[in-house]
Every structure is written in structure tokens, then in C-alpha cells.
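*Asks:* Each residue of the sequence shown is one higher than the last, beginning at 88 in our numbering.
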Amino acid sequence: MTLNNQQASPSDPGTDGPRRVKPGDPAASAIASALRTAVARLRAADPAAQNGEAEGVHRLRTSARRLRSELRAFSDLVEPSWRAALERELQWLGGALGNLRDLDILRAHFETAARGGDATPENGEGCDESIPLRPLFDALDARHEAASQAMREALQSDRCRRLFESLQQAAEHPPLRDEADKPCRSVLPPLVQKSWKRFKKDAEDLDSDSPDSAFHEVRKRAKRTRYTAELIAPTLGRRVSNKAKRFIRLTTAVQDVLGEHQDMTIAITEVENLLPRHLDDPEFQEAAKILLARLRKTADDTRSAFFDLWPKLAKKKTRRWLKRRD
88 MTLNNQQASP SDPGTDGPRR VKPGDPAASA IASALRTAVA RLRAADPAAQ NGEAEGVHRL
148 RTSARRLRSE LRAFSDLVEP SWRAALEREL QWLGGALGNL RDLDILRAHF ETAARGGDAT
208 PENGEGCDES IPLRPLFDAL DARHEAASQA MREALQSDRC RRLFESLQQA AEHPPLRDEA
268 DKPCRSVLPP LVQKSWKRFK KDAEDLDSDS PDSAFHEVRK RAKRTRYTAE LIAPTLGRRV
328 SNKAKRFIRL TTAVQDVLGE HQDMTIAITE VENLLPRHLD DPEFQEAAKI LLARLRKTAD
388 DTRSAFFDLW PKLAKKKTRR WLKRRD
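Right, dumping it as C-alpha cells:
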């Protein structure tokens with residue numbers, strides 16, 4: 088299934104360009120604008136994803152994930168059954184794209200770690216380190232081919248076509264609840280506050296000995312809070328939007344740090360699972376153990392980076408912009 092590459096406009100009917108949602112506008116305007124923007128993002132990313140381009144796959148997957156997060160943020164303002172059904176389909180789409188994207192990320196991390204942490208080798212130096220790790224890269228290549236085929240089949244399926252058709256219809260006529268008639272300045276800030284409180288609670292429960300899964304949950308909370316803030320801040324006026332920038336920047340930094348931590352966790356598991364299958368290859372065993380040590384160090388560093396970042400984000404002044412304005 089190939090989407091029409093024409094961009095969906097966030098304009099109101101009869102206008103020549105996009106109209107900024109204002110604090111006094113009904114929240115329904117923000118929801119409709121978000122849906123139109125989401126459709127535009129998905130359309131823009133689809134052709135490159137269809138061609139198997141890594142950046143296109145990344146943008147399409149991120150767009151699907153962002154929309155799922157936005158729908159959750161608007162959960163009190165839209166029809167529950169519609170939202171739940173659409174979230175399930177977006178989750179399916181993200182999963183269809185996710186296997187391929189995750190393998191691309193794994194390979195990039197393995198290549199960087201094999202070179203001792205350098206993102207790109209200079210004059211070819213460091214490339215030879217990956218030769219003993221060839222069983223690892225060969226296994227990734229085989230899985231990558233299968234994931235590519237599965238992704239293409241998903242994007243060309245009737246299910247995907249129906250998903251985008253339903254998104255287009257929703258962007259034109261969002262299924263809203265009565266609460267969405269109230270102004271943005273009164274009903275939208277609490278949505279960010281709600282997301283922030285969940286994020287804050289989980290983040291404050293973390294310590295240096297917390298399991299990897301706990302850090303991953305906090306990362307997901309950070310991502311949802313960031314998306315919600317990016318979605319809602321512009322509807323509260325330019326002054327408030329400017330004040331929200333620090334909050335969004337720090338939340339993004341936390342998400343990125345914990346995202347790298349999760350990547351390392353997955354990468355470590357991949358190598359550990361492959362080690363017993365190549366006990367007769369001493370060069371691979373030695374190289375894999377060196378690789379594991381580098382991956383574990385990066386994982387430890389990202390935990391430390393989180394604990395350095397969190398106090399800055401947790402300051403009250405960073406989220407003063409969230410004040411409700413009735």
C-alpha cells in the first residue's frame with residue numbers, strides 16, 4: 088500500500104494556510120490539528136519506508152508511536168472505543184516497522200562498539216575488529232532480510248490501507264466527547280500534568296540497582312510526557328510555549344539517555360545469547376567478550392547520565408508553564 092504523498096494541511100476550511108490553535112479555542116481544534124499533522128507525517132514518511140530506506144522506516148515508526156501517545160493524552164476528550172481501536176492498529180503498524188528498525192539500530196551499536204566507541208573509523212582503522220564478530224553480523228543480516236519482507240507485506244496490506252483511511256476520516260471528523268468543547272487553556276494543561284505525575288513517580292523510584300526493565304518503563308514515560316508537552320504547549324500561546332522549551336528539552340534528553348540504555352540492554356542480550364552457539368570459535372568468543380564489556384560500560388554510563396539529568400528536570404520552575412488558565 089502506497090500512500091498519496093500529498094501533504095494533509097492543518098488549515099481550516101477556507102483558509103490559505105495553517106492556522107495556529109489559540110488558548111481560547113476549543114480543545115477540539117487542537118485534536119483535529121494533531122490528527123491532520125499526524126496524517127501528513129505518515130504520508131511524508133511512507134514512500135521512503137516502502138523503499139526500505141532506514142530513515143523512512145524510522146520516521147514512519149516514530150510517527151505511528153507519536154500518534155499513539157497523543158491519542159492517550161487526549162483520552163478524556165475523544166470517544167474511548169474509537170481511540171482504543173485506532174491505538175491497536177497503530178501498535179500493529181509500529182510492530183511491523185519495529186523489527187527492521189531495531190535490527191538497524193543493533194547493527195549500528197555493534198559496529199560502534201567493535202571500533203571501541205568511535206562512531207566512524209578514521210582511515211579504515213578499527214574496521215578489522217569486526218571480522219571475528221562476523222557470526223554476529225551474519226545473524227543480523229539474515230534476520231534483517233526476513234524483517235524487510237514482513238514490513239513490505241504489512242505496508243502493502245489491506246489492513247494498512249484501512250488504517251490510513253480511518254485516520255483521514257478522523258482528521259476530517261474527529262469523534263469527540265463534550266469535554267472537547269472547552270477552551271485549550273483550561274482542559275489541556277492537566278493532560279500534561281497527568282503524564283508528568285506518572286513519569287515523575289516512576290523516575291523517583293529508580294536507583295543505581297534498579298533492574299533494566301524499570302529504566303525502560305521510565306523511558307516510555309519520558310517519551311509520552313515529551314510528546315504530550317510538544318503537542319499541547321503551542322496551543323497555550325507563544326509566551327507559555329517558550330517557557331515550555333526547557334521542560335521539553337530536558338524530557339527529550341532523559342528519553343534519549345534511557346533509550347540508549349535500552350539499546351545497550353538489548354545488544355548485551357543478543358551477544359550473550361549467541362556466545363553458546365559458537366563455542367568452537369575462540370576468536371569470536373574473545374571478540375564478543377570485549378564487545379560485551381564495552382556495551383556494559385555504555386549501559387552504566389547512561390544510568391549515571393540519567394541521575395545527572397533528573398534533578399534538573401524535577402525542579403518546580405521547569406514546569407511552571409503547566410499552570411491551568413481558566
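Ideal Cβ positions, reconstructed from N, Cα and C, are used throughout, including at glycine.
Rounding to the nearest angstrom, what Cα-Cα distance links residue 341 and residue 348 in this structure?
*Replies:* Cα to Cα, the separation comes out at about 11 Å.
*Asks:* On the three-state DSSP scale, how would you describe residue 173?
*Replies:* If DSSP states are grouped into helix, strand and coil, residue 173 belongs with the helices.
*Asks:* In three-state terms, what does DSSP make of residue 180?
*Replies:* Three-state DSSP puts residue 180 in a helix.
*Asks:* Tell me the rounded alpha-carbon separation between residue 406 and residue 275.
*Replies:* Each residue's alpha carbon lies about 14 Å from the other.
*Asks:* Can you grab the Cα-Cα spacing for the pair residue 353 / residue 238, in whole Å?
*Replies:* Going from the Cα of residue 353 to the Cα of residue 238 covers about 21 Å.
*Asks:* I need the boundaries of the alpha helix (DSSP H) containing residue 222, first residue and last residue.
*Replies:* Start and end: 221–242.
*Asks:* So, do the region 381–397 and the region 332–341 have three or more beta carbon pairs nearer to each other than 8 Å?
*Replies:* Result yes; three or more Cβ-Cβ pairs closer than 8 Å.
*Asks:* Kindly indicate the opening and closing residues of the alpha helix (DSSP H) around residue 320.
*Replies:* Residue 320 -> no alpha helix (DSSP H), and no H or E assigned at all.
*Asks:* Going by the beta-carbon positions, is the gap between residue 262 and residue 108 smaller than 8 Å?
*Replies:* The answer is no: Cβ separation not under 8 Å.
*Asks:* Drop a sphere of 10 angstroms on the beta-carbon of residue 298, count the other beta-carbons inside from all chains shown, and report buried for 16 or more, exposed for fewer.
*Replies:* Residue 298 is exposed by the Cβ-count criterion.
*Asks:* For residue 117, which residues in the same chain have their Cβ closer than 6 Å to its Cβ, ignoring the five residues on either side in sequence?
*Replies:* If we look at residue 117 and ignore the five residues flanking it on each side, its Cβ neighbours are 108, 271 and 322.
*Asks:* Helix, strand or coil for residue 165 per DSSP?
*Replies:* Correct three-state label for residue 165: strand.
*Asks:* In terms of residues, what are the limits of the alpha helix (DSSP H) holding residue 397?
*Replies:* It spans 369–401 - the alpha helix (DSSP H) in which residue 397 sits, taken as one unbroken run.
*Asks:* For residue 262, does the three-state DSSP call read helix, strand or coil?
*Replies:* Residue 262 falls in the coil class under three-state DSSP.
*Asks:* Hey, would you say residue 258 sits closer than 8 Å to residue 126, going by beta carbons?
*Replies:* Yes, these two residues count as a Cβ contact at 8 Å.
*Asks:* Would you kindly check if the distance between the Cβ of residue 331 and the Cβ of residue 408 is under 8 Å?
*Replies:* Result yes, Cβ atoms of residue 408 and residue 331 sit closer than 8 Å.
*Asks:* In or out: residue 310 buried (at least 16 other Cβ within 10 Å) or exposed?
*Replies:* It counts as buried.
*Asks:* Under a Cβ-count criterion, where at least 16 other Cβ atoms within 10 Å of its own Cβ denotes burial, should residue 268 be classed as buried or exposed?
*Replies:* Answer is exposed; the Cβ neighbour count stays below 16.
*Asks:* Taking residue 382 as the reference, give the member of 365, 364, 357 and 368 with the closest Cα.
*Replies:* Nearest of 365, 364, 357 and 368 to residue 382, Cα basis: 357.
*Asks:* Look at residue 231 and residue 190 and say whether their C-beta atoms are less than 8 Å apart.
*Replies:* Cβ atoms of residue 231 and residue 190: closer than 8 Å.
*Asks:* In angstroms, rounded to a whole number, what distance separates the CA positions of residue 223 and residue 157?
*Replies:* Straight-line Cα distance between these residues: approximately 37 Å.
*Asks:* Quick check on the burial criterion: 16 or more other C-beta atoms within 10 angstroms. Buried or exposed for residue 260?
*Replies:* Exposed, because fewer than 16 other Cβ atoms sit within 10 Å of the Cβ of residue 260.
*Asks:* Pull the bridge partners of residue 270 from the DSSP assignment, please.
*Replies:* Residue 270 pairs with 113.
*Asks:* Residue 350 lies in the alpha helix (DSSP H); which residues open and close that run?
*Replies:* From DSSP, the alpha helix (DSSP H) with residue 350 extends over 325–361.
*Asks:* Are the beta-carbon atoms belonging to residue 220 and residue 201 less than 8 Å from one another?
*Replies:* Yes, the Cβ-Cβ distance between residue 220 and residue 201 is below 8 Å.
*Asks:* Out of curiosity, what's the CA-to-CA distance linking residue 314 and residue 380?
*Replies:* If I take the Cα positions, the gap works out to 34 Å.
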